[in-house]
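Read through the structure below, which is laid out as structure tokens, and then see the notes.
There are 2 protein chains.
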Amino acid sequence: MNRHERLISELARHGLDAVAVVAGGTMRYLTGLDLHGGMRIMVAVFPASGEPAFVLPALEEPRARAIIPLPMRYYPWTDAEGPTAALAACARDLGLAGARLGIEYTSMRVFELRGIEAAAPSVEITDATPVFAALRMAKSADELASMRAAVQIVEGSLRAAIAQVRVGMTEIELGEIWDAAMRAAGSAPSFSTIIASGPNAANPHHTNSSRQLQQGDLVIMDGGAIYEGYASDITRTIALGEIVPELRSIYELTLAANKAGRAAVHPGVAPEQIDRAARGVISAGGYGPRFLHRTGHGLGIEIHEPPYIIEGNREPLTIGTTFTIEPGIYLDGLGGVRIEDDIVVTEQGGESLTTFERELIVI
Amino acid sequence: MNRHERLISELARHGLDAVAVVAGGTMRYLTGLDLHGGMRIMVAVFPASGEPAFVLPALEEPRARAIIPLPMRYYPWTDAEGPTAALAACARDLGLAGARLGIEYTSMRVFELRGIEAAAPSVEITDATPVFAALRMAKSADELASMRAAVQIVEGSLRAAIAQVRVGMTEIELGEIWDAAMRAAGSAPSFSTIIASGPNAANPHHTNSSRQLQQGDLVIMDGGAIYEGYASDITRTIALGEIVPELRSIYELTLAANKAGRAAVHPGVAPEQIDRAARGVISAGGYGPRFLHRTGHGLGIEIHEPPYIIEGNREPLTIGTTFTIEPGIYLDGLGGVRIEDDIVVTEQGGESLTTFERELIVI
Numbered sequence: 003m004n005r006h007e008r009l010i011s012e013l014a015r016h017g018l019d020a021v022a023v024v025a026g027g028t029m030r031y032l033t034g035l036d037l038h039g040g041m042r043i044m045v046a047v048f049p050a051s052g053e054p055a056f057v058l059p060a061l062e063e064p065r066a067r068a069i070i071p072l073p074m075r076y077y078p079w080t081d082a083e084g085p086t087a088a089l090a091a092c093a094r095d096l097g098l099a100g101a102r103l104g105i106e107y108t109s110m111r112v113f114e115l116r117g118i119e120a121a122a123p124s125v126e127i128t129d130a131t132p133v134f135a136a137l138r139m140a141k142s143a144d145e146l147a148s149m150r151a152a153v154q155i156v157e158g159s160l161r162a163a164i165a166q167v168r169v170g171m172t173e174i175e176l177g178e179i180w181d182a183a184m185r186a187a188g189s190a191p192s193f194s195t196i197i198a199s200g201p202n203a204a205n206p207h208h209t210n211s212s213r214q215l216q217q218g219d220l221v222i223m224d225g226g227a228i229y230e231g232y233a234s235d236i237t238r239t240i241a242l243g244e245i246v247p248e249l250r251s252i253y254e255l256t257l258a259a260n261k262a263g264r265a266a267v268h269p270g271v272a273p274e275q276i277d278r279a280a281r282g283v284i285s286a287g288g289y290g291p292r293f294l295h296r297t298g299h300g301l302g303i304e305i306h307e308p309p310y311i312i313e314g315n316r317e318p319l320t321i322g323t324t325f326t327i328e329p330g331i332y333l334d335g336l337g338g339v340r341i342e343d344d345i346v347v348t349e350q351g352g353e354s355l356t357t358f359e360r361e362l363i364v365i
Numbered sequence: 003m004n005r006h007e008r009l010i011s012e013l014a015r016h017g018l019d020a021v022a023v024v025a026g027g028t029m030r031y032l033t034g035l036d037l038h039g040g041m042r043i044m045v046a047v048f049p050a051s052g053e054p055a056f057v058l059p060a061l062e063e064p065r066a067r068a069i070i071p072l073p074m075r076y077y078p079w080t081d082a083e084g085p086t087a088a089l090a091a092c093a094r095d096l097g098l099a100g101a102r103l104g105i106e107y108t109s110m111r112v113f114e115l116r117g118i119e120a121a122a123p124s125v126e127i128t129d130a131t132p133v134f135a136a137l138r139m140a141k142s143a144d145e146l147a148s149m150r151a152a153v154q155i156v157e158g159s160l161r162a163a164i165a166q167v168r169v170g171m172t173e174i175e176l177g178e179i180w181d182a183a184m185r186a187a188g189s190a191p192s193f194s195t196i197i198a199s200g201p202n203a204a205n206p207h208h209t210n211s212s213r214q215l216q217q218g219d220l221v222i223m224d225g226g227a228i229y230e231g232y233a234s235d236i237t238r239t240i241a242l243g244e245i246v247p248e249l250r251s252i253y254e255l256t257l258a259a260n261k262a263g264r265a266a267v268h269p270g271v272a273p274e275q276i277d278r279a280a281r282g283v284i285s286a287g288g289y290g291p292r293f294l295h296r297t298g299h300g301l302g303i304e305i306h307e308p309p310y311i312i313e314g315n316r317e318p319l320t321i322g323t324t325f326t327i328e329p330g331i332y333l334d335g336l337g338g339v340r341i342e343d344d345i346v347v348t349e350q351g352g353e354s355l356t357t358f359e360r361e362l363i364v365i
């Protein structure tokens with residue numbers, strides 16, 4: 003079954019008359035269009051039966067027709083007309099009034115929702131995030147090949163960047179070196195590369211600063227590349243010379259948590275079991291409260307997508323599902339460690355797409 | 003008045019009890035936080051009186067406290083807890099149940115809306131886009147200084163890129179040269195740089211391809227830089243050697259439309275009058291249907307923000323408001339022209355922040 007056929011069968015399974023998709027990862031997955039959510043309404047509607055429809059700005063229509071492989075009915079609108087009539091025509095032709103319509107709560111914006119509600123009186127809107135998650139989580143062989151290439155690029159460029167690490171270099175400089183190496187490989191960063199050094203490494207969401215790397219620092223390096231629209235995401239933590247014993251010991255604890263998380267991956271396992279496996283190691287080591295975030299997130303077209311590797315997520319993992327395992331320990335004023343791998347669920351367990359060495363690299 | 007005080011007075015003027023702001027340009031404007039809308043609920047609530055409040059992931063709290071200059075009450079939530087209790091506590095403390103709450107329809111997503119609705123029973127949600135537009139459209143002296151710097155960077159890098167244009171170079175290569183020049187100047191592209199050559203220039207939203215530049219091409223070059231969080235956005239169209247007479251004539255017509263648009267800018271003028279001034283020139287020249295988009299868009303923290311320079315926008319322009327004027331003509335199979343400037347409304351009329359020469363450059 004192709005993607006559209008799989009969507010249709012998911013609609014039947016969830017009792018939905020149609021789904022409406024806006025710019026984002028699911029749009030890319032279903033149509034091939036890489037759109038950013040602008041201020042102009044652009045929504046693709048996939049009914050449970052019959053031809054899908056696309057309401058979009060007229061100036062996007064030629065590109066959409068060139069890229070979208072599906073037969074689709076187009077409802078273009080111009081800036082002069084506005085989108086109201088196009089939305090209404092689409093809703094009428096697809097019988098959306100009173101229909102049960104799934105949308106992605108995490109990507110549709112309120113003006114798009116209100117536009118649909120106005121065009122399709124008494125439409126029943128429901129959250130179709132699980133429908134799209136079920137479609138997108140398990141990757142095809144082609145998707146996995148793209149992700150492996152994205153991993154290869156990020157690992158090669160990480161190696162090149164680590165080879166250039168020097169005391170006195172700023173976080174911003176080191177980040178730019180890594181980014182440039184990804185670009186030189188024909189790729190681009192899949193998100194803002196994080197270089198968090200010394201005390202800055204205590205903040206999991208640090209923004210690269212002009213702080214200069216110093217002897218005794220741990221430096222968290224977190225980056226990803228893009229290949230054919232698919233992302234990789236890796237974190238390694240390196241040391242500049244001798245580090246204090248507590249930093250060494252949280253490094254080893256984080257590494258053990260990473261290993262335990264990876265070992266817990268099997269088809270049918272719930273994400274929360276992987277979270278518990280990784281978190282349990284850190285808690286047992288006495289640093290539970292310093293593991294400030296979830297163990298991981300799904301990875302693919304988007305850098306963060308289902309499944310989330312978190313307590314409470316009991317949806318069994320299926321073969322082909324891809325996600326990160328990235329335990330970390332963060333000590334205010336002192337530093338931090340994170341070790342992140344990209345995992346795919348296989349028949350045998352979890353295969354790590356990332357194979358960069360995990361033992362502490364000391365510069 | 004500072005930004006928060008101006009917001010409060012706008013709330014009173016619009017009869018709103020509070021506004022709720024999510025990741026995006028308005029969040030940056032009001033708090034200084036440069037956030038991307040992830041899957042974790044993060045919402046700042048500004049009541050008409052009393053201290054504002056911020057519901058956010060616990061791991062974002064330290065950074066928010068470090069950056070936000072306002073006294074603010076924080077409602078952090080962890081991945082293990084989820085956001086429901088934090089949202090409910092915030093809604094209770096601020097009395098949001100039954101309140102008239104403004105949100106930005108163009109940036110808030112449905113899961114954020116539903117989270118607020120669940121936390122604040124019978125809250126009355128309204129679109130506060132005009133409130134935020136009124137706040138953000140007219141720039142302060144500091145904001146204009148940042149935009150002037152962003153213009154300087156994009157113009158210097160455009161000049162450097164044009165100096166390297168050669169027949170046989172691909173669109174992707176030329177785009178990377180321009181991007182690299184922006185980065186070398188300590189900036190970064192504010193959006194995906196567009197290089198549209200030959201027949202590709204007939205598509206206003208072209209994605210750079212591996213097409214090689216050829217003799218006789220018009221090449222549309224559309225790019226912007228970022229300086230201290232503020233964007234520039236310029237388009238120039240250059241020729242590779244001799245071009246056919248029709249391309250030369252649409253160049254001159256587009257240039258005349260650009261001039262007419264700029265000349266129409268005065269305090270108190272409606273954006274639609276500027277659109278008509280520019281569009282009228284192109285229509286009179288017989289290419290009205292080939293000017294495929296609006297005449298311009300607001301520019302500042304975001305690359306597209308109010309005011310939109312479009313028929314139907316009658317909100318009079320005030321001094322300090324910044325926007326683009328970018329007429330274009332697009333001929334299928336042949337090529338296209340766009341000439342874009344960044345304008346600020348002054349007492350005397352419209353000042354173009356972009357001063358790069360507008361006459362056709364022939365390589």
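Protein sequence lines, in the order shown, are assigned to chains W and U.
Every number in the working numbering is 2 more than the matching position in the first sequence, counting from 1.
Every number in the working numbering is 2 more than the matching position in the second sequence, counting from 1.
Note that CB positions come from ideal geometry on N, CA and C, so glycine has one too.
Remember, it's a predicted structure, so these values are computed and weren't measured experimentally.
Cβ shell of residue i (< 6 angstroms), same chain only, five flanking positions each side left out
{"i": "Gly170 of chain W", "result": "Gln214"}
{"i": "Gly100 of chain U", "result": "Ser124"}
{"i": "Ala280 of chain W", "result": "Ala259, Ala262, Gly263, Thr297 and Pro329"}
{"i": "Glu157 of chain U", "result": "Phe358"}
{"i": "Gly270 of chain W", "result": "Pro318"}
{"i": "Ala135 of chain W", "result": "Pro308"}
Candidates the options, of which the one nearest residue i by Cα
{"i": "Gly243 of chain W", "options": "W:Asp219, W:Leu160 and W:Leu257", "result": "W:Asp219"}
{"i": "Val246 of chain U", "options": "U:Val364, U:Phe293 and U:Glu63", "result": "U:Val364"}
{"i": "Leu137 of chain W", "options": "W:Glu307, W:Glu114 and W:Glu313", "result": "W:Glu307"}
{"i": "Leu255 of chain W", "options": "W:Gly314, W:Phe293 and W:Ala151", "result": "W:Phe293"}
{"i": "Tyr289 of chain W", "options": "W:His299, W:Ile321, W:Ala272 and W:Ser251", "result": "W:Ser251"}
{"i": "Ala204 of chain U", "options": "U:Arg340, U:Val57, U:Gly300 and U:Thr348", "result": "U:Arg340"}
{"i": "Ala151 of chain U", "options": "U:Ser234, U:Ser142, U:Ala130 and U:Tyr77", "result": "U:Ser234"}
{"i": "Asp144 of chain U", "options": "U:Pro273, U:Gly287 and U:Asn4", "result": "U:Asn4"}
{"i": "Ile321 of chain U", "options": "U:Glu313, U:Gln350 and U:Glu62", "result": "U:Gln350"}
{"i": "His299 of chain W", "options": "U:Arg30, U:Asp81, U:Tyr76 and U:Ala66", "result": "U:Asp81"}
Other residues of its chain near residue i: CB distance less than 8 angstroms, five sequence neighbours each side excluded
{"i": "Ile118 of chain U", "result": "Ala22, Val45, Leu89, Ala93, Leu98, Leu103, Ile105, Val125 and Ile127"}
{"i": "Ala187 of chain U", "result": "Ile155, Gly158, Ser159 and Ala227"}
{"i": "Leu96 of chain U", "result": "Ala20, Val47, Pro49, Gly52 and Ala55"}
{"i": "Ser11 of chain W", "result": "Met3"}
is_contact[residue i, chain W] using C-beta, thresh 8 angstroms
{"i": "Gly26 of chain U", "result": "no"}
{"i": "Asn315 of chain U", "result": "no"}
{"i": "Asp81 of chain U", "result": "yes"}
{"i": "Pro269 of chain U", "result": "no"}
{"i": "Gly41 of chain U", "result": "Checking the sequence, you will find Met at residue 41 of chain U rather than Gly. Judged by the 8 angstroms Cβ criterion, Met41 of chain U is in contact with chain W."}
{"i": "Leu294 of chain U", "result": "yes"}
Pair within 8 angstroms by beta-carbon distance, residue i and residue j
{"i": "Met41 of chain U", "j": "Thr108 of chain W", "result": "yes"}
{"i": "Gly352 of chain W", "j": "Ile345 of chain W", "result": "yes"}
{"i": "Ala163 of chain U", "j": "Ile174 of chain U", "result": "no"}
{"i": "Ile240 of chain W", "j": "Val221 of chain W", "result": "yes"}
{"i": "Leu9 of chain U", "j": "Leu35 of chain U", "result": "no"}
{"i": "Ile305 of chain U", "j": "Phe325 of chain U", "result": "no"}
{"i": "Pro206 of chain W", "j": "Tyr332 of chain W", "result": "yes"}
{"i": "Thr356 of chain W", "j": "Val153 of chain W", "result": "yes"}
{"i": "Leu257 of chain U", "j": "Arg161 of chain U", "result": "no"}
{"i": "Gly231 of chain W", "j": "Ser148 of chain W", "result": "yes"}
7 angstroms Cβ shell around residue i - same chain, five flanking residues per side excluded
{"i": "Pro201 of chain W", "result": "Gly335, Leu336 and Gly337"}
{"i": "Gly177 of chain W", "result": "Thr195, Ile197 and Asn210"}
{"i": "Asp19 of chain W", "result": "Pro49, Ala50, Ala101, Arg102 and Leu103"}
{"i": "Met237 of chain W", "result": "Residue identity check: residue 237 of chain W is Thr in the sequence provided, not Met. Around Thr237 of chain W: Ile222, Met223, Asp224, Glu328, Arg340, Ile341 and Glu342."}
{"i": "Arg111 of chain W", "result": "Gly39"}
Short CB-CB distance (under 8 angstroms) between residue i and chain U
{"i": "Met29 of chain W", "result": "no"}
{"i": "Glu62 of chain W", "result": "yes"}
{"i": "His16 of chain W", "result": "no"}
{"i": "Arg65 of chain W", "result": "yes"}
What residues in the segment 87-118 of chain U bring their beta carbon closer than 7 angstroms to a beta carbon of chain W?
-> Ile105, Tyr107, Thr108, Ser109, Met110, Arg111, Val112, Phe113, Leu115 and Arg116
For the segment 305-335 of chain W, which residues have a beta carbon sitting closer than 7 angstroms to at least one beta carbon of chain U?
-> His306, Ile312 and Glu313
Short-range partners of chain U found in the segment 196-223 of chain W, where Cβ spacing is below 7 angstroms | Asn205, Pro206 and His207
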